[in-house]
Amino acid sequence: MDYCKYHPIEAATYHCTDCSIYTCDSCINDGKNQRYEGGRCFTCGEELDCQGARNTAIPFWRRLPESFRYPLDSNAIILIIAISIVSAIVISLPFGFILAVAVEGAFIKYCFTCLNDTSDGNFNVPKIERAYKGAISIALMMIGLVICAFSIVFLIEKLINPAIANFVAVLMVISTPAVVIVYAITDDLKTAVNPISILRLMLNVGLSYGLLLGFILLMVGSVNVINQFIGENISFLSGVIQSMVTNYYLVVLFHMMGYMIFQYQAELGFSARVDSDVLREKRNDIDVLKSRIDVTIKEGDYEEVALIFEKAIKNFPKEKYFFEQYFQFLMAVDLKQKQSEWMKDFIPKYFDFLIKNNLQNKMPTSYKFVINKNKEYQFNSAELKLKVAKACFKKGEARLVAHILKDLHKQHPKFDGLSEAYLLMADALDTLPKMKQKADKYRQFSKVLNK
Ligand SMILES: [Zn+2]
Ligand SMILES: [Zn+2]
């Protein structure tokens, strides 16, 4: 199994041939305004190859319990019981055999529906109504195929020799699941019985095909065991029971074959996914941007990340995620000279955002991060300084208040709020040890400014 380059425990669902990387569903550029059906690579912008379910599907032999539980749904159970009873009844009528084949034909039609649904990634049994549509043609086709197969073996035995006839018979039995699968994929009988397409399917599926045959043998074996258990004199009831077991196995088997198509879809030349509708829905631009940021951070291209964040904040000024993530990003990375440039631009915006969203209680911690990153950092706006200082004072961070408001009158001599700011400074200094004198000085200064 291949994994997403950026999420090492996530199974890959896309592949970029240009970058030769695998990605998961979230690490692709698939915005609503994307014209391309799938997604594009964030790094190179090329269209990505969909991995289908090949990579994410667990092999069919590891989901046996699910396969055997598959028919345990009222739709399938009712049909299995009904078909079994009806075929037990009709078999006792004149020409009963032909009628029984017709009834079983309807059931096989239902099994094909199970197979087709499963191969599309829909793992629920189909509704009963879908059993009898087109059932007659499938029944006739089955009868035709069986007669053909018997005739071929019979002719070879009579005209060539019995050993070759046996060999051909074994080959036919082995090919049966392949014929069913190819028929389900192509809906074309000629292709389904073509030895080349049968062989191609077997080679593509490989070992799994052998395992499938093994399961068929086990199922046939267990039906035989039931036969022996019941004994020679087949009563109506035992006939029904045998038929029920066989039909149950048929549903399981067709579900397994459908799953095989689902699992090997890329090799078999088409693609389907579990819950395809849900996954194919395009994400909105914000989610795509989030993924782009995530991928670019993991690529280590921090300058590009900062550019994306700047753009995101400009285009989506109400999106908290971008503000919070960009702040954390800037506090975490070191972009050398660029760092102070980005900070100068973004930090005031970030504190404005905190104010607008009533997140003042976050300010002291955020401010500590900022001066930790850059001791020289100062807001350009005196208003913002005062607002942040107030928030810090509320949180009991007197030292931060002193740090922010220091030399305010020198840097902003024309600021209206100087008096208010220095009164705040005085109140903050009051709470600090040995600062009484300094506090009084600021208080007086504040009074002077107020006049
Ligand atoms: Zn990913
Ligand atoms: Zn790429």
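Note that numbering that gives the first Met the number 0 numbers the sequence shown so that position 245 is 244, with each residue one more than the last.
Ideal placement from N, C-alpha and C gives every residue a C-beta, glycine not left out.
Inset, instruction - Please go through the same chain and pick out, in chain order, the residues whose beta-carbon is closer than 6 Å to the beta-carbon of Gln359, but skip the five residues on each side of it. - result: Ala390
Inset, instruction - Please report the residue range of the beta strand (DSSP E) in which Thr22 lies. - result: Ile20 to Thr22
Inset, instruction - Inspect the CB distances between the segment 393-409 and the segment 362-376 and report whether three or more fall short of 8 Å. - result: yes
Inset, instruction - Please name the residue or residues paired with Glu46 in a DSSP beta bridge. - result: Arg39
Inset, instruction - Would you check if there are 3 or more beta carbon pairs closer than 8 Å linking the segment 328-341 to the segment 70-77? - result: no
Inset, instruction - Take every Cβ of the segment 74-94, pair it with every Cβ of the segment 216-232, and state whether three or more of those distances are shorter than 8 Å. - result: no
Legend entry - the segment 177-188 contacting the segment 11-29, beta-carbon criterion three pairs below 8 Å: no
Inset, instruction - Return the first residue and the last residue of the beta strand (DSSP E) that His14 is part of. - result: Tyr13 to Cys15
Inset, instruction - Alpha carbon to alpha carbon, how far is Gly44 from Gly37? Give it in angstroms, no decimals. - result: 12 Å
Legend entry - Beta carbon of Val100 nearer than 9 Å to that of Val85: no
Legend entry - When Glu382, Ser237 and Met424 are compared against Lys393, the one with the closest alpha-carbon: Met424
Legend entry - Chain-order list of residues whose beta-carbon lies under 6 Å from that of Ala438 (same chain, five-residue window excluded): Ala425, Leu428 and Asp429
Inset, instruction - Hey, could you find the ends of the alpha helix (DSSP H) Leu216 is sitting in? - result: Leu206 to Ile229
Inset, instruction - Hey, could you find the ends of the alpha helix (DSSP H) Arg129 is sitting in? - result: Taken as a continuous stretch (DSSP letters only), Arg129 belongs to no alpha helix (DSSP H), as it is neither H nor E.
Legend entry - Glu45 Cβ short of 8 Å to ligand 2 heavy atom set: yes
Inset, instruction - Report the three-state DSSP secondary structure of Tyr2 (helix, strand or coil). - result: strand
Inset, instruction - Kindly examine ligand 1 and report whether one of its heavy atoms sits closer than 8 Å to the Cβ of Tyr482. - result: Because the chain in this structure spans residues 0 to 450, residue 482 falls outside the shown range and cannot be described.
Inset, instruction - Could you work out which residue in Val169, Ser66 and Tyr13 is closest to Val124 when comparing CA atoms only? - result: Ser66
Legend entry - Inter-residue spacing [alpha-carbon to alpha-carbon] between Leu198 and Lys289: 46 Å
Inset, instruction - Compute the distance between the beta-carbons of Gly238 and Ile107, then report whether it is under 9 Å. - result: no
Legend entry - Neighbourhood of Val251 by C-beta distance below 7 Å, restricted to the same chain and skipping five residues each side: Ser66, Phe67, Tyr69 and Pro70
Legend entry - Exercise answer, beta-carbon shell around ligand 1 heavy atoms below 6 Å: Cys3, Tyr5, His6, Glu9, Thr22, Cys23, Ser25 and Cys26
Inset, instruction - Indicate whether the contact test is met: 3 or more Cβ pairs, each with one atom in the segment 18-27 and one in the segment 160-171, closer than 8 Å. - result: no
Inset, instruction - Name the residue from Ala305, Ile135, Lys355 and Phe315 whose alpha carbon lies nearest to the alpha carbon of Asp286. - result: Phe315
Legend entry - Of the residues Ser83, Leu63, Ala381 and Leu417, the one placed nearest Val244, counting alpha carbons only: Ser83
Legend entry - Between the CA atoms of Asp187 and Asn121 - distance to the nearest angstrom: 23 Å
Inset, instruction - To the nearest angstrom, report how far apart Ser418 and Pro363 are at their CA atoms. - result: 22 Å
Legend entry - Whole-angstrom distance between Asn246 and Cys50, CA atom to CA atom: The amino acid at residue 50 is misidentified as Cys; the sequence shows Gln. So the alpha carbons of these two residues sit roughly 34 Å apart.
Legend entry - Distance cut-off 8 Å: Cys49 Cβ against heavy atoms of ligand 2: no
Inset, instruction - Would you kindly work out how many angstroms separate the C-alpha atoms of Gln436 and Ile312, rounded to a whole number? - result: 45 Å
Legend entry - Exposure label - Ile292; buried when at least 16 CB within 10 Å: buried
Legend entry - Where Val277 falls, given that 16 or more other Cβ within 10 Å makes a residue buried: Below a pLDDT of 50, predicted positions are generally treated as unreliable, and Val277, at 40, falls in that range; no measurement from the model is reported.
Legend entry - From Ser118, Ile240 and Cys3, residue whose alpha carbon lies closest to that of Ala87: Ile240
Inset, instruction - Return yes when the C-beta of Asp17 is under 8 Å from any heavy atom of ligand 2, and no when it is not. - result: yes
Inset, instruction - Indicate the three-state DSSP secondary structure (helix, strand or coil) for Ala56 in the structure shown. - result: coil
Inset, instruction - Drop a sphere of 10 angstroms on the beta-carbon of Arg61, count the other beta-carbons inside from all chains shown, and report buried for 16 or more, exposed for fewer. - result: exposed
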